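Under the numbering used here, the first residue of the sequence shown carries the number 3, and numbering increases by one thereafter. Right, one structure below, let's go through it.
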Amino acid sequence: MLGRAAEREVLSEFTAASSGRVLVLRGDAGVGKSALLDHAAELAAEQGHRVIRAAGVEAESELPFAGLHQFLYPLLPSIDQLDQVQQRVFDVVFGRGGSTPPSVMTLGIAVLDLLSLAASHEPLVLVLDDGQWLDAASTEVCGFVGRRLTGSAVKLLVGLRAGVSSGFDTAALPELPVAALPEAAAEELLDTRHVGLEPRVRRLVLDEARGNPLALLELPPHVSAARAERAGGNISGYTGIPLPQRLHQVYGARIESLDAPVRAELLRGALDGVGAGTAADRTRGTRYRMRDADEAAARGLLNVDPLSGDFVFRHPLVRSTVVQMATPNQRRAAHAVLADLHREDLERRATHLAASTIDPDEQVAATLEAAADSATLRGGALAAVGWLTRAAELSESSEERHRRLGNAAYIAGHSGQLEHAQQLAGTGGGPGANDSPASALAAGYAALFGDGDVRSTQRQVCAAVESMHDAGLREPDEVFTRLVDLLLVVNQYAGDEAAWERTHRILGDVGHLVPPLTRIYEDAWGDVVRRGAGLHERVERAFADPQGLEPWDVTRLCVAAYHVDTLSRYRPHLQRTVDREVETGAVADAMTMLNLIMLDQIAVGEWAEAERTGQRCLELTTTHQHSLFVHHTQAYLGLLAALRGDVERARELQALVDAWARPRGVGFLAQIADATGTAAALSEGDYESAYLHAIGLTPPGTFTPYAHQASRGLLDLVEAALHTGRSERARAHALAARDANLPDISPRLALITYGALAMTAEDPAEADAMYDRAETHPAAAMFPFEHARIRLAHGIRLRHTQGRKAARPSLTLAAETFERLGAPPWAERARAELRATGTAGPSSSAPVAALTWQEQRIADLAARGLTNKEIGERMHLSPRTVSSHLYRVFPKLGITSRAALRDALGRFPSDQNV
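Have a look at this one:
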């Protein structure tokens, strides 16, 4: 029995008491009074009491002494031991005599004597459930007896339903209120008895039950059955939930007994979402004020809100019962009244119009469509789908019906309802609906997001775009724009040069039909190196009024901002938006929003937060079975793991993403997998592997068109090339970045371009100038990882050119940044350089890593004076691979040169020294 510790303690004390007592348990129907009475009866039986039980029955509430008969019948043999006067009194109770009924006092005294006689053999506990239905005569006698049990061996326990008047109300007996379960206990009970409920169903049950144990146990199967009807968003206001018979009976009889005007008033309140309980719902807008409903309050169906003074429902189950008991015509009439009442509230009016209108009505359909637009902007895309679908049903022309269903399908796709979107698109245009542009749009989203089907989606959407253009489209068209936007999304994921060039040609031909936002997506998502000039200003202008942007355009503009590395300025808006979109809005866009938030957290150095955001996104995408987004999120989690030095996890995720993305032609994710391999190799100091991964993204000295990671990995390729003796290629790549004007495209590209030019410069003056430009760049602090890498490289150069003292500030700052970020391999590398300057530097939070067998062998041979070529010949490795191994060994040993190898190896334990 959960959440009833206090009540059980009172009952335990009650049954253990040495003398007679009486106690009334009062609470709402289903709150658990019967369970507590059962518990008390078990305790009493265990303690040696004789337990006699009775229960009030509404059907017998008009039969005199029917309840008393239940209590006394088990004691019938003891009546013969009473005197004849008292026996004649009981003849009336048992229907054995026709004399005039005795007074309450006379019968009460006789009952007390009978109970005392029976209790002389063994103590008695009388348990009465549903006492509110006990007949009046029996109630009066029980009250009389209960007030006179002190000093006897008899106890009386009564359960009463709150809100139902009975004779016990004035009996002056002690009471124990039985309240609803606390939230924690209610959740535990629900989760114990109904394991694995879908989260929204679970929340709905908890809200409707409001701690009532019977409702918690009975509702879930009925709510789950109705869940599919709610999937499209509830546009009909409060509709209640299907109630099983046991819950319907809790308030049904009382509601049925109300006068018709009062029932109509309650129905209007229920349909408009009037709250329940003392903490009534105070949602957006003013709810209907129920008037002249004192009769309902007197019957325990309504309470009065202490703050507003308005009537509110006693319990959510009252609302559901009121709605369930009303006929369809009664509900429509109530909705019509409410629609007229809320003329100034677009969405509230639309809610009631949708439910009150039967025949096609273009004016009502237009109102619903306007409400859908409003809901979409405030994060209610689920409701928007429902409103648009209902608007289509009420449309007077087939053209408007088709258009509105197409809009509903589009929003459903963004809301994560891919199958529903296809159904809506397929029913919108008659016999040829499945070949319509709207159908192609819905099918494209389903294929892309569901399974990452890039190739067929690209063909299908491109064909639909060309078909609309060839059909003579002359004016901007919403469906055409949506198809073009989807084509750009597909192209971004494909990363295919030929497809992008074909798209540019198509969009060049249609000219004014493509809106400015779509032009931003075209330039940012494709090849930012060649089309990124001035993009960040265009994104900034588009974001001038973010409140007026639909969620998918917010997401797309933020993707553009990511490509030009200005995402941080828009992240606050993303974080304010994403929670509402996850719950009731464009959940597919929310997945991208979470990925964008994660990317910005990685960029600004909030790596622990980025991990949490990534895991949240992975859970969301997995729940909705959006395979593309699942692997997209895993790709970013793998990249983050590589940066943090968790190489094993990084490579595991890299392999998983690569194996899924590459066969499907999802080049965008395949590139992130290559970037993860590069970052993991750099963390390990395996510069040869890092270089091979990096050139898989782009050859040195150029940037592969439409490869988004080509420019982002500039610093990776340059560092890997320098560390593997490919200085000329490193320099060529740095100069290519400069010649492509990367610094003009984004602040991050400016930072790493200056860093790459500095690292590869042979002229000391140029190197100093470029390092200065990088380290003093206004945006350098916004990209701490790249900034720290440039400082590390600068410190190494300064130690070789200007001495130890000059190198310490840059190396110290680099080590501190890597430590703060949580990048142990990089932090250890910086500390090793600091030790080479004669200072210990920041203390490490992790021990120096042990050498692998191969690293130990190479280090030992190098310490003996062998060259890389000689070591390679002995170990069947290339000189370049030997060099990469040594670069990994140096930071592990805390050194920076071959000359220090012998001493460093001597400090290792013998089992670590080969």
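Cβ atoms here follow ideal geometry from the backbone N, Cα and C, with glycine treated the same way. These figures come from a predicted structure and were not determined experimentally.
- A direct Cα-Cα distance of roughly 58 Å separates Leu509 from Glu267.
- In the same chain as Leu219, and ignoring 5 residues on each side of it, the C-beta atoms closer than 7 Å to its own belong to Arg195, in chain order.
- Take the alpha-carbon of Lys871 and the one of Pro881: they are about 5 Å apart.
- In the DSSP annotation of this structure, the continuous segment of the alpha helix (DSSP H) that includes Arg618 starts and ends at 609-625.
- The three-state secondary structure of Pro553, taken from DSSP, is helix.
- Counting only residues of its own chain and dropping the five nearest sequence neighbours on each side, Val320 has a CB closer than 6 Å to the CB of Tyr253, Leu303.
- At a Cβ-Cβ threshold of 8 Å, Thr520 and Pro553 do not count as neighbours.
- For the pair His628 and Ala661, the CB atoms are not nearer than the 8 Å cut-off.
- With fewer than 16 other CB atoms across the displayed protein chains lying within 10 angstroms of its CB, Gln83 is exposed.
- Between Ala383 and Ser417, the CB-CB gap stays under 8 Å.
- Assigned with DSSP and collapsed to three states, Gly640 falls in helix.
- In the displayed model, Leu130 falls within a strand according to three-state DSSP.
- The beta carbon of Asp746 is closer than 7 Å to those of Ala535 in its chain, skipping five residues each way along the sequence.
- If you check the CB distance, His575 and Pro548 come in under 8 Å.
- Arg504 and Pro439 have their C-alpha atoms roughly 19 Å apart.
- Around the beta carbon of Val531, 16 or more other beta carbons sit within 10 angstroms, so the residue counts as buried.
- Going by beta carbons, Leu598 and Leu645 fall outside the 8 Å limit.
- Secondary structure at Leu208: helix, using DSSP grouped into helix, strand and coil.
- Collapsing the DSSP output to three states places Gly110 in a helix.
- Note on geometry: alpha-carbon atoms of Pro478 and Arg403 lie some 20 Å from one another.
- Setting aside the 5 residues that flank it on each side, Glu142 is surrounded in the same chain by Val106, Gly169, each with a C-beta closer than 7 Å to its C-beta; the list follows chain order.
- The segment 751-768 makes contact with the segment 724-732; the number of CB pairs closer than 8 Å reaches 3 or more.
- CA-to-CA, the gap between Arg810 and Val649 works out to about 29 Å.
- Taking C-alpha positions only, Leu70 is separated from Ala278 by approximately 37 Å.
- Between the alpha carbons of Arg316 and Asn305 lies a distance of about 5 Å.
- Shortest Cα-Cα distance from Ala767 to any of Leu751, Gln804, Ala295 involves Gln804.
- Residues of the same chain with a CB within less than 6 Å of the CB of Ala782, apart from the 5 flanking positions on each side, are Leu753, His789 in chain order.
- Ala808: member of the alpha helix (DSSP H) spanning 806-823, first to last residue.
- Boundaries of the beta strand (DSSP E) harbouring Val160: 156-163, taken from the DSSP string.
- In this structure, Leu426 lies away from Leu450, with their beta-carbon atoms at least 8 Å apart.
- Relative to the Cα of Trp502, the nearest Cα in the group Ala544, Gly669, Ala338, Glu621 belongs to Gly669.
- Beta-bridge pairing by DSSP links Val59 to no other residue.
- Non-local C-beta neighbours of Leu537 in its own chain, meaning closer than 8 Å and more than five positions away in sequence, comprise Ile522, Asp525, Ala526, Val530, Ala562, His565, Val566, Ile747, ordered along the chain.
- Val87 is classed as exposed because its beta carbon has fewer than 16 other beta carbons within 10 Å across all chains shown.
- Residues of the same chain with a CB within less than 6 Å of the CB of Gly271, apart from the 5 flanking positions on each side, are Tyr290, Met292 in chain order.
- Annotation: Ala500 to Arg461 spans about 13 Å, alpha carbon to alpha carbon.
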